[in-house]
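Protein sequences appear in the order of chains X and A.
Under the working numbering, the first residue of the first sequence is numbered 1408, with each subsequent residue one higher.
Under the working numbering, the first residue of the second sequence is numbered 56, with each subsequent residue one higher.
For every residue, glycine included, the Cβ atom is placed at its ideal position computed from N, Cα and C.
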Amino acid sequence: MTADPIAAGAPVLHAQDVTMVFGGLVALNKVSLTLEQGQVAGLIGPNGAGKTTFFNCLTGLYTPTSGRVLLNGARLAGDPAKVTIAGVARTFQNIRLFPNMTVLENVLVGRHSRMKQDPVSTLLRLPAFHRGERAAKERARELLAFVGLTRAEDEVARNLPYGDQRRLEIARALATDPSVLLLDEPTAGMNPQETEATRQLILRIRETGVSVVVIEHDIKFIFGLCDKVSVLVQGELLVEGTPEVVRADPRVIEAYLGKPPEEIEADARTAAEEHDKGEQA
Amino acid sequence: MTTTTATVRSRPRITLAPTLAKPLAAAGGVLAVIAALLPWTTFVLFDNDEVNPSLQYFDAPFALSGYRLHTMLLGLAVLVVAFVPRIPGRARAQRALGFGIAAIGLISLIFLSYNGGGVGTVTAADGDAAFGAVVALVAGVLVVLSAIAAGITDIPDFPTRLPRLAAYGALVLAFAAILFLVAETLTAGGRSGVSNPYAGPTFLAFLGMAGGVLGALSGVGVVRWISALSERHRAFSIIILVLCALSLPLTSAGNAYWMTVATTIGVYAATAIGLNVVVGLAGLLDLGYVAFMGVGAFVAANLSGAATSKLGIELPFPVAALIAAILAGIVGAIVGSPTLRVRGDYLAIVTLAFGEIFTRSAQNDIGGLTGGSNAIPRIPDVELGGTAFNEEIQVGGLELPGGVLYYFMIVLVVGAVMAVFANLKNSRAGRAWIAIREDEDAARAMGIRTGKAKIMAFLVGATLAGLAGAIFAHKLTIASFDSFKFLESVTLLAAVILGGMGTIPGAVLGASLLFVLPEKLREFDDYRLLLFGLALILIMRFRPQGLVPDRVRRAELAGETATGKSIDEEEALVVEQEHDGPTGKKGGTA
Chain X
1408 MTADPIAAGA PVLHAQDVTM VFGGLVALNK VSLTLEQGQV AGLIGPNGAG KTTFFNCLTG
1468 LYTPTSGRVL LNGARLAGDP AKVTIAGVAR TFQNIRLFPN MTVLENVLVG RHSRMKQDPV
1528 STLLRLPAFH RGERAAKERA RELLAFVGLT RAEDEVARNL PYGDQRRLEI ARALATDPSV
1588 LLLDEPTAGM NPQETEATRQ LILRIRETGV SVVVIEHDIK FIFGLCDKVS VLVQGELLVE
1648 GTPEVVRADP RVIEAYLGKP PEEIEADART AAEEHDKGEQ A
Chain A
56 MTTTTATVRS RPRITLAPTL AKPLAAAGGV LAVIAALLPW TTFVLFDNDE VNPSLQYFDA
116 PFALSGYRLH TMLLGLAVLV VAFVPRIPGR ARAQRALGFG IAAIGLISLI FLSYNGGGVG
176 TVTAADGDAA FGAVVALVAG VLVVLSAIAA GITDIPDFPT RLPRLAAYGA LVLAFAAILF
236 LVAETLTAGG RSGVSNPYAG PTFLAFLGMA GGVLGALSGV GVVRWISALS ERHRAFSIII
296 LVLCALSLPL TSAGNAYWMT VATTIGVYAA TAIGLNVVVG LAGLLDLGYV AFMGVGAFVA
356 ANLSGAATSK LGIELPFPVA ALIAAILAGI VGAIVGSPTL RVRGDYLAIV TLAFGEIFTR
416 SAQNDIGGLT GGSNAIPRIP DVELGGTAFN EEIQVGGLEL PGGVLYYFMI VLVVGAVMAV
476 FANLKNSRAG RAWIAIREDE DAARAMGIRT GKAKIMAFLV GATLAGLAGA IFAHKLTIAS
536 FDSFKFLESV TLLAAVILGG MGTIPGAVLG ASLLFVLPEK LREFDDYRLL LFGLALILIM
596 RFRPQGLVPD RVRRAELAGE TATGKSIDEE EALVVEQEHD GPTGKKGGTA
């Protein structure tokens, strides 16, 4: 990692009025997001709010119907490969590793756009080829150490435990040397310890100067991690601000949280009990 | 976690008491030896029968030859393996030997009773009894049962850090053994034809024997050890392997006929490796691949001054071959471009259609360049310093058979193609192809320009096929649309899958088998494709990962992980870790 924690301030990613319409359905309506260097932004919202659609617009998988996405002031192309080359990396909601490649090979694929290899030195195994491979492997091993997977280097990705697969996906995304990292539900299905480890990992990523956007359902996780939080509801940006502001905003409480977080669980319990009673009756 | 004792891996459906293992093996081994000495037919099947000239071998045990000799040797091997103490992976070895014996028995049983006009041929008829084949089959089954009783264990690992000289010695011996095996396999049963009714079954029985011995060696860990050694001393291995391949003309396979067969195998092996780039690495199913070989063949034919060529150009062979390869590559890139839009099954249909278009066009002499159904005959021999490649040559006192120069050329070309494949596979481009095969969307998200990469895969594969096609045309001295039909594409694809997707030895072995088998089974005429299909089904049923699987495919289909540990072991490891909790504290989860 380029360990140079740059002071936050310069805007890195800027999504301007991104609108996505599928047929008659407006999945996103003029959603904007500004991300400054070294910031961790959270994106929350109920299921179907358009969070992943927004990610897909950012990464070029979808081309927004209107609006634009700027990275360091330059407009991003509507092609996932080009977006990654420009410096936006992502992980997937449902893990999408290269299951039959080893852990190290997975990360090396991430280095693809950052290494040069000409056919002649590849076919003849000239020194230039070995230099490039060595450098790529060195960087990949660094990243594996960073996420704590050094020991699993030669394992086949599909055989890794679930939590390690998530971490490998992050290492693979970091291998593309991104300036912005998009994490789609990085703690889905994790136990509390693993979730905490992921939080630490994201904080360490931020320290290296990479800006991060996180989609997550775990509100406690988002509030404990992010510098700013955006709330998406039915394709519209409802509120944006620091966790404190978002937590206190009556519209969020009304539209999304309903009640303060600590009361939700109590509520849920009551509801469940009532449901049980109803069934018994 | 290190296991000091080998753990029992698979639980077979049949369970036998482990105490039965030794008696069963002993019985099977003794029966196999007896079977070799018993008569196998109740009457002499053919005139001038050289394989079964006498019905009785008890009086002349040293006169054994052919499959009876193999049966006896396998039987003795079973006894040795059963009674030598502390053989690692014993059950695996026994199982392989048992299958070998059973295969010889079964093949002979079917062939002899079919040709003798009934089961009486191999049991009892006209007052004569001949139970050799039956006894061999029973012996094989007993040995397999003994292996099941003993319980199949993991393949043992041997140390690969050896003194350099010892390692080199082991590798030379191993490759010499492979050369011997290849020569014997090629010539086993002799040249197929009317005068030699035993060619087919003898060859198949030989395959059974060779498979049994190789399986046994792999079971005790020798094959894995040798491949680990050769991986460690890669450069040395490649040199020795090429030298061994070049000395094939000095073995029993050293005559013009076997040289032609070996050259043809080489051509298809090179093509199969090219197809392996497209299918094995990039995962693009190509059903019209042989068309690229056809492009190479026709281009080379037209540029080399064949009598009926309309171009009337005569270029030296290397130039013609180079142009053929490049043009085939360009065609490959053009055909590959629709792959940007279609995936999976649809891609297979597109390539299938392309293959058909090529064959039909060549058949109808489109552009007057393919000779239509007359083909392009009389393509001149490749010449080097006034020596035509089909002539016999003399080096010092050594007489080499005709066609040996073509054989040398194809050995070098296959070597080069192997190097291209291996060097591409372990590079930025190769990883990109594999990533596309694994998950195209994720590959794009990693910054891989998938369209470009796929076209590159088609281009490389087609170039290799075009080069092979150019040699093919010159060796056969004719380029005909007939050689580049759909069936050839399918057979090549089968060679790649059968041998093991994504590996070089797999593609070579697959191509060898698929193009030798029909040659050897020639006298079964009508049945040979049936037998051929049956063999394919059997192999895919019992070894779905292919004969020489990729490390990862092996993991996927054979219940092993890439590190060679069994899944059970790995699971135990995972459970152990989970139990310890991520921080290493016992019962860490609250």
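- Message: Short of 9 angstroms Cβ to Cβ, which residues in the segment 200-229 of chain A face chain X?
- Response: Residues: none.
- Message: Can you pull the chain A neighbours of X:Gln-1524, defined as C-beta to C-beta under 9 angstroms?
- Response: Near X:Gln-1524 (Cβ distances below 9 angstroms), the residues of chain A are Ser-482, Arg-483, Ala-484.
- Message: Buried or exposed for A:Pro-94, going by 16 or more other Cβ atoms inside 10 Å?
- Response: With 16 or more neighbouring CB atoms inside 10 Å of its own CB, A:Pro-94 falls in the buried class.
- Message: Three Cβ pairs or more, each shorter than 8 angstroms: is that satisfied between the segment 1505-1521 of chain X and the segment 482-496 of chain A?
- Response: Enough Cβ pairs lie closer than 8 angstroms, so yes.
- Mind listing which residues of the segment 1503-1535 of chain X have their C-beta closer than 9 angstroms to chain A's C-betas, in chain order? Listed in sequence order: Arg-1503, Leu-1504, Phe-1505, Pro-1506, Asn-1507, Met-1508, Thr-1509, Glu-1512, Asn-1513, Leu-1515, Val-1516, Gly-1517, Arg-1518, His-1519, Ser-1520, Arg-1521, Met-1522, Lys-1523, Gln-1524, Pro-1526, Thr-1529, Leu-1530, Leu-1531, Arg-1532.
- Query: What do you get for A:Asp-212, buried or exposed, if any count of 16 or more other CB atoms within 10 angstroms of its CB means buried?
  - Reply: It counts as exposed.
- Query: What's the call for A:Ser-535, buried or exposed, on a 16-neighbour Cβ count within 10 Å?
  - Reply: Under this definition A:Ser-535 is a buried residue.
- Query: Whose Cβ in chain X lies nearer than 9 angstroms to the Cβ of A:Glu-574?
  - Reply: The contacting residues do not exist; A:Glu-574 stays about 33 angstroms from chain X at best.
- Query: In this structure, does DSSP put A:His-288 in helix, strand or coil?
  - Reply: Three-state result, A:His-288: coil.
- Message: Just to confirm the assignment, what range does the beta strand (DSSP E) spanning X:Lys-1689 have?
- Response: Residue 1689 of chain X falls outside the range modelled here, since chain X spans only 1408 to 1688, and no answer is possible.
- Item | C-beta neighbour in chain X for A:Asp-181, strict 8 angstroms | Not flagged as an interface residue toward chain X: A:Asp-181, since no C-beta distance is shorter than 8 angstroms.
- Item | Where the alpha helix (DSSP H) through X:Met-1522 begins and ends | Run containing X:Met-1522: none; DSSP gives neither H nor E here.
- Would you say X:Thr-1459 and X:Thr-1583 are within 8 angstroms of each other, going by their C-beta atoms? Contact: no.
- With 8 angstroms set as the bound, which would you pick, yes or no: does the beta-carbon of X:Thr-1605 sit closer than that to a beta-carbon of chain A? Cβ-Cβ to chain A under 8 angstroms: no for X:Thr-1605.
- Message: DSSP has X:Phe-1429 in a bridge; who is on the other side?
- Response: BP columns for X:Phe-1429 point to X:Leu-1432.
- Query: Terminal residues of the continuous beta strand (DSSP E) containing A:Leu-453?
  - Reply: Start and end: 453-455.
- X:Gly-1596 to X:Tyr-1569, Cα distance in whole Å? Going by the C-alpha atoms only, they are around 9 angstroms apart.
- For the segment 1579-1591 of chain X, which residues have a beta carbon sitting closer than 9 angstroms to at least one beta carbon of chain A? For the segment 1579-1591 of chain X, which is checked against every Cβ of chain A, the residues closer than 9 angstroms are Arg-1579, Ala-1580, Ala-1582, Thr-1583.
- Task: Indicate the three-state DSSP secondary structure (helix, strand or coil) for X:Pro-1418 in the structure shown.
- Result: In this structure, X:Pro-1418 counts as strand in the three-state DSSP scheme.
- Task: Have a look at X:Glu-1623 and X:Gly-1642 and give me their C-alpha separation to the nearest angstrom.
- Result: Going from the Cα of X:Glu-1623 to the Cα of X:Gly-1642 covers about 16 angstroms.
- Message: Please state the DSSP three-state secondary structure of A:Gly-364.
- Response: The sequence given here has Ser at residue 364 of chain A, not Gly. A:Ser-364: coil per DSSP, three-state reduction.
- Query: Is the CB-CB distance between A:Pro-143 and A:Gly-309 below 8 angstroms?
  - Reply: No; because the gap between Cβ atoms is not below 8 angstroms, this pair is not in contact.
- Continuous beta strand (DSSP E) stretch holding X:Ile-1622: start and end: Where X:Ile-1622 is concerned, the enclosing beta strand (DSSP E) stretches over 1618-1622.
- Query: Is the beta carbon of A:Gly-130 sitting closer than 8 angstroms to the one on A:Thr-257?
  - Reply: Between A:Gly-130 and A:Thr-257, the gap from beta carbon to beta carbon reaches 8 angstroms or more.
- Query: Are the C-beta atoms of X:Thr-1466 and some chain A residue less than 8 angstroms apart?
  - Reply: Chain A has a Cβ within less than 8 angstroms of the Cβ of X:Thr-1466.
- Item | Residue-level contact to chain X via CB, A:Arg-289, 8 angstroms cutoff | Not an interface residue.
- Item | Cβ-Cβ separation, A:Phe-527 to A:Met-348 (assumed contact under 8 angstroms), whole Å | About 7 angstroms separates the beta carbons of A:Met-348 and A:Phe-527, which is inside the 8 angstroms limit, making them a contact pair.
- Item | Neighbourhood of X:Gly-1648 by C-beta, 8 angstroms cutoff - its chain only, sequence neighbours within 5 removed | Answer for X:Gly-1648: Lys-1635, Val-1636, Asp-1656, listed in chain order.
- Message: Can you find the residues in the same chain that come closer than 8 angstroms, C-beta to C-beta, to A:Asn-357, ignoring five residues on each side of it along the sequence?
- Response: Excluding sequence neighbours, A:Asn-357 sits near Ser-364, Lys-365, Leu-366, Ile-368, Leu-424, Ile-431.
- List the residues of chain A that X:Arg-1497 touches, going by C-beta distances under 7 angstroms, in chain order. Correct list: Ala-500.
- What residues in the segment 1483-1495 of chain X have a beta carbon less than 7 angstroms from any beta carbon of chain A? Per Cβ criterion, the list reads Pro-1487, Ala-1488, Thr-1491, Ile-1492.
- Message: Whole angstroms are fine: how far does the CA of A:Ala-146 sit from the CA of A:Val-135?
- Response: Taking the CA atoms as reference points, A:Val-135 sits about 13 angstroms from A:Ala-146.
- Look at the alpha carbon of X:Thr-1472 and the alpha carbon of X:Lys-1437, and state the distance between them as a whole number of angstroms. Going by the C-alpha atoms only, they are around 10 angstroms apart.
- Query: So what does DSSP say about A:Asp-212, is it helix, strand or coil?
  - Reply: DSSP places A:Asp-212 in coil when its eight states are reduced to three.
- Task: Specify, as a first and last residue, the run of the alpha helix (DSSP H) that X:Leu-1644 falls within.
- Result: No alpha helix (DSSP H) holds X:Leu-1644; the beta strand (DSSP E) holding it covers 1643-1648.
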